[in-house]
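Residue numbers (our numbering), protein chains in the order written: chain F, 5 to 215; chain Y, 3 to 104.
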């Protein structure tokens, strides 16, 4: 068992995040100025998938461990301490956490016991791409079918939708800041699409052609 | 482009959904008793009305749940959105006959 733990530690040291190869490019192609926007990756974020009947006692046990409720409506996010719980469906949630996946999954699994529920470590399934800056919403609006205007979408909301035709979870964390959770295999495509969509905002030309 | 209202997620663009064909096509009770013609009828033949039509949709890019929509095939007007839990049969629609497959 000690050997296994040592091996796990080695493997953790060898991990490569989906956008590791683009880190430098993302930094270099950040757009500055009035309509600034930049793309970065939050590496190795812990994510746990929960499937449980929200009316069951197992759901209450999970809420006890997380210290917050499982949101009951689309778009809702509940947060407590290191954990944020995103609504993905009427009986499906995604926990995004700073805690180590092994510790969190073990605690959640223990709380549900043999009840009808699923707790799965899906940390490697997606990565977190952060898009931040004054032009962030304008960039997303080029490829997202959702209405992102503040009247219908705002900070603290997260939904499953599409961006540039690929499925992802879009989570707005601040007025000018979004977290995108695409599948790892789509991460590079999303990052390249975002960088390409951002570049026009580097221009200092304004409407009417005056600089 | 249609704007469909998912019973769980609210109004979303058609591109977030997957189409599932005619709704309320019941699986035959005893498939092995059917003749080849009846089986083919069940498998391949669907209504094709001009007007209200009850159909299955899945919110594949969202909550991934299936639900039913009554849509007018001539005007694309959505007349009703419901889940199998709220209402087993639509109020309007020519495909309401249980197991109707033609």
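Positions of the beta carbon are idealized from the N, C-alpha and C atoms, including for glycine.
Cβ closer than 8 Å: which chain Y residues qualify as neighbours of residue i?
i	result
residue 295(F)	This structure gives no information on residue 295(F), because the portion of chain F shown stretches from 5 to 215.
residue 73(F)	Simply none; closest approach about 17 Å.
residue 166(F)	17, 18 and 63
Determine the burial state of residue i: buried for a count of at least 16 other Cβ atoms within 10 Å of its Cβ, exposed for fewer.
i	result
residue 87(F)	buried
residue 38(F)	exposed
residue 104(Y)	Legend: pLDDT at residue 104(Y) = 36, less than 50; position of this residue unreliable, value from coordinates given subsequently. Residue 104(Y) is exposed by the Cβ-count criterion.
residue 1(F)	This structure cannot settle anything about residue 1(F), because the visible part of chain F is limited to 5 through 215.
residue 46(Y)	exposed
residue 35(F)	buried
residue 2(Y)	Not covered by the structure: residue 2(Y). The range shown for chain Y is 3 to 104.
residue 23(F)	buried
residue 71(Y)	buried
residue 153(F)	exposed
residue 141(F)	buried
residue 96(F)	buried
residue 207(F)	exposed
residue 7(Y)	exposed
residue 127(F)	buried
residue 5(Y)	exposed
residue 121(F)	buried
residue 215(F)	For residue 215(F), the predicted structure reports a pLDDT of 44, less than 50, and the residue's modelled location is therefore unreliable. A value from the coordinates is still provided. Classification of residue 215(F): exposed, given that the 10 Å Cβ count is below 16.
residue 155(F)	exposed
residue 183(F)	buried
residue 202(F)	buried
residue 3(F)	Here chain F has residues from 5 to 215 only, and residue 3(F) is not among them.
residue 78(F)	buried
residue 92(Y)	Legend: pLDDT at residue 92(Y) = 49, less than 50; position of this residue unreliable, value from coordinates given subsequently. Buried, since its Cβ has 16 or more Cβ neighbours within 10 Å.
residue 28(Y)	exposed
residue 174(F)	buried
Can you pull the chain F neighbours of residue i, defined as C-beta to C-beta under 9 Å?
i	result
residue 22(Y)	Going along chain F, no residue has its Cβ under 9 Å from residue 22(Y), so there is no contact; the nearest lies around 17 Å.
Taking 8 Å as the threshold (C-beta atoms), are residue j and residue i in contact?
i	j	result
residue 162(F)	residue 26(F)	no
residue 198(F)	residue 185(F)	no
residue 52(F)	residue 72(F)	no
residue 10(Y)	residue 67(Y)	yes
residue 66(F)	residue 81(F)	no
residue 136(F)	residue 181(F)	yes
residue 43(F)	residue 205(F)	no
residue 133(F)	residue 45(F)	yes
residue 119(F)	residue 83(F)	no
residue 177(F)	residue 111(F)	no
residue 17(Y)	residue 166(F)	yes
residue 123(F)	residue 54(F)	yes
residue 80(Y)	residue 69(Y)	no
residue 157(F)	residue 170(F)	no
residue 30(Y)	residue 19(Y)	no
residue 51(Y)	residue 41(Y)	no
residue 48(F)	residue 28(F)	no
residue 62(F)	residue 116(F)	yes
residue 179(F)	residue 149(F)	no
residue 164(F)	residue 92(F)	yes
residue 58(F)	residue 76(F)	yes
residue 50(F)	residue 102(F)	yes
Below 7 Å on C-beta distance, what does residue i contact in chain Y?
i	result
residue 105(F)	Within 7 Å Cβ-Cβ: nothing; residue 105(F) doesn't reach chain Y, min ~23 Å.
residue 171(F)	63
Against residue i, what residues of chain F qualify as contacts under a CB-to-CB distance less than 8 Å, listed in chain order?
i	result
residue 67(Y)	93 and 94
residue 126(Y)	With chain Y covering 3 to 104 only, the question about residue 126(Y) has no answer from this structure.
Quiz item: Any chance the region 22–36 of chain Y sits against the region 48–62 of chain Y, with 3 or more Cβ pairs inside 8 Å?
Solution: Flag = yes, the region 22–36 of chain Y and the region 48–62 of chain Y touch.
Quiz prompt | Proximal residues, the region 175–187 of chain F versus chain Y, C-beta separation under 7 Å | solution = Answer set for the region 175–187 of chain F: empty.
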